[in-house]
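Engineer: The numbers in this note's numbering rise by one with no breaks, and the one at position 29 of the sequence shown is 62.
Just so it is clear, CB atoms sit at the ideal spot from N, CA and C, and this is done for glycine as well.
In this text, all values refer to a predicted model and were calculated from it rather than measured experimentally.
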Amino acid sequence: MKGFSFSVLFVVLLGMLVASQTLFVVNETERAVVLKFGEIVRGDVKPGLHFKLPIVNEVKIFDARILTMDSRPQRYLTLEKKAVVVDSYVKWKIDSVTKFYQATSGDEIIANRILSSRVDTGLRNKFGERTMHEVVSGQRDQLMTGLRDDLNEVAQNELGISIVDIRVKRIDLPPDVSESVYARMRTEREREAREHRSKGLELAEGIRADADRQQVVLEAEAQRDAEMIRGDGDAKAAAIYSKVYTQDPEFYEFYRSLQAYRESFNGSSDLFVLEPDSEFFKYLNSSTGGFTK
């Protein structure tokens with residue numbers, strides 16, 4: 034009984050060993066090729082369970098998803114011979130596993146190196162055909178689309194891969210060019226500042242002159258109105274004085290005398306001497322009924 038169990042176990046283990054050597058699985062995100070002593074006998078093996086000959090056949094599995102190649106920033110010249118530093122990346126995937134293996138021996142590093150060289154050449158040519166403004170803003174999308182279409186056909190024929198997308202992450206100016214651009218921008222801004230300052234001074238002078246003119250006009254109008262009001266007041270005062278004078282001429286003469294005395298003797302040390310028979314005492318005697326000396 035023990036011998037039978039050992040035989041069954043041996044058969045099972047042998048079957049598992051044979052199965053591991055003859056069966057292989059390709060996942061949904063993978064593609065494979067089957068080699069016979071290094072030569073492709075089955076290419077572009079689809080996902081699923083497949084058979085192979087033990088020892089004789091070898092299976093190479095590759096990632097069929099979209100891969101990213103991030104290039105190092107490179108320096109290019111535009112149509113005006115202005116230098117720019119471009120940082121770009123490429124999205125690609127294996128389209129034909131057979132061509133990919135034949136061109137690169139299945140090494141993604143080799144594929145990235147070849148693709149990077151082709152992209153570098155293409156970007157250099159595309160940037161050399163356009164101005165700085167076009168590559169920075171105006172025609173960047175058009176440039177990338179044209180480069181992708183040109184490289185895609187070459188990559189499919191030579192490497193068995195398809196270019197999904199080429200994008201520029203960033204476009205910078207070299208340090209020396211950046212300094213010159215900054216200096217030019219600063220000079221331009223200083224010129225604009227001087228122009229605005231000059232216009233502001235002219236405007237301020239105009240406003241100040243208009244304010245001075247309005248001040249003169251307002252003062253003249255105020256002086257005119259004041260003279261008119263003063264003249265009207267004097268006329269009214271003269272009319273009142275005249276009316277009062279006609280009612281009591283003696284009192285008016287007395288009042289005018291007092292006003293004259295007040296204006297003449299306005300100091301504390303002034304001395305006022307009157308004779309007893311002067312008009313001043315005469316009026317007091319007549320108005321009060323007598324005056325005691």
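Using DSSP with H/G/I as helix, E/B as strand and the rest coil, what is lysine 114?
Structural biologist: Here lysine 114 sits in coil by DSSP.
Engineer: On the premise that valine 66 lies in contact with lysine 93, defined as a C-beta separation below 8 Å, what is that separation, rounded to the nearest angstrom?
Structural biologist: Rounded, the Cβ-Cβ distance is 5 Å, consistent with contact.
Engineer: Can you give the beta carbon distance from aspartate 77 to serine 129, rounded, assuming they're within the 8 Å contact cut?
Structural biologist: Correct: roughly 7 Å between the Cβ atoms.
Engineer: Taking DSSP's pairing of strands, which residues face serine 195 in a bridge?
Structural biologist: Paired residue(s): Lys126.
Engineer: Would DSSP call glycine 233 helix, strand or coil?
Structural biologist: Three-state result, glycine 233: helix.
Engineer: Going by alpha carbons, who is nearest to valine 168 out of Arg98, Tyr122, Gly264 and Asp205?
Structural biologist: Considering only alpha carbons, the answer is Asp205.
Engineer: Rounded to whole angstroms, how far is the Cβ of arginine 108 from the Cβ of alanine 116, which I believe are closer than 8 Å?
Structural biologist: Indeed they touch by this definition, with Cβ atoms about 6 Å apart.
Engineer: Between glutamate 191 and the rest of its own chain, which residues show a CB-CB distance below 7 Å, the 5 nearest in sequence each way excluded?
Structural biologist: Closer than 7 Å at the Cβ level, and outside the excluded window around glutamate 191, lie Ala136.
Engineer: Taking only three categories from DSSP, how would you classify asparagine 190?
Structural biologist: Helix.
Engineer: Which value, in whole angstroms, describes the spacing of the CA atoms of alanine 216 and threonine 164?
Structural biologist: Cα-Cα distance, rounded: 21 Å.
Engineer: Per DSSP, which residues does leucine 82 bridge with? Please list them.
Structural biologist: Leucine 82 pairs with Val58.
Engineer: Beta carbon of arginine 98, beta carbon of lysine 79: below 8 Å?
Structural biologist: In this structure, lysine 79 does not lie closer than 8 Å to arginine 98 by Cβ.
Engineer: Phenylalanine 133: buried (16+ other C-beta within 10 angstroms of its C-beta) or exposed?
Structural biologist: The residue is buried, with at least 16 neighbouring Cβ atoms inside 10 Å.
Engineer: Which residue's Cα is closest to the Cα of aspartate 198: Gly179, Pro208, Pro207 and Ala293?
Structural biologist: Considering only alpha carbons, the answer is Gly179.
Engineer: Comparing C-alpha positions only, which one of Met177, Glu221, Pro208 and Arg151 sits nearest to lysine 202?
Structural biologist: For the residues Met177, Glu221, Pro208 and Arg151, the minimum Cα distance to lysine 202 belongs to Met177.
Engineer: Just the C-alpha distance for glutamate 186 and valine 59, rounded to the nearest angstrom, thanks.
Structural biologist: Roughly 28 Å separates the two Cα atoms.
Engineer: Would you say isoleucine 334 and valine 123 are within 8 Å of each other, going by their C-beta atoms?
Structural biologist: Not covered by the structure: residue 334. The range shown for the chain is 34 to 326.
Engineer: So threonine 101 is in the beta strand (DSSP E); what residue range does that whole segment cover?
Structural biologist: From DSSP, the beta strand (DSSP E) with threonine 101 extends over 100-103.
Engineer: Considering Cα atoms alone, identify which of Arg151, Leu156, Arg173 and Arg222 is closest to alanine 188.
Structural biologist: Among Arg151, Leu156, Arg173 and Arg222, the Cα nearest to that of alanine 188 belongs to Arg151.
Engineer: Where does glutamate 286 fall in DSSP's three states?
Structural biologist: Of the three classes helix, strand and coil, the one that applies to glutamate 286 here is helix, per DSSP.
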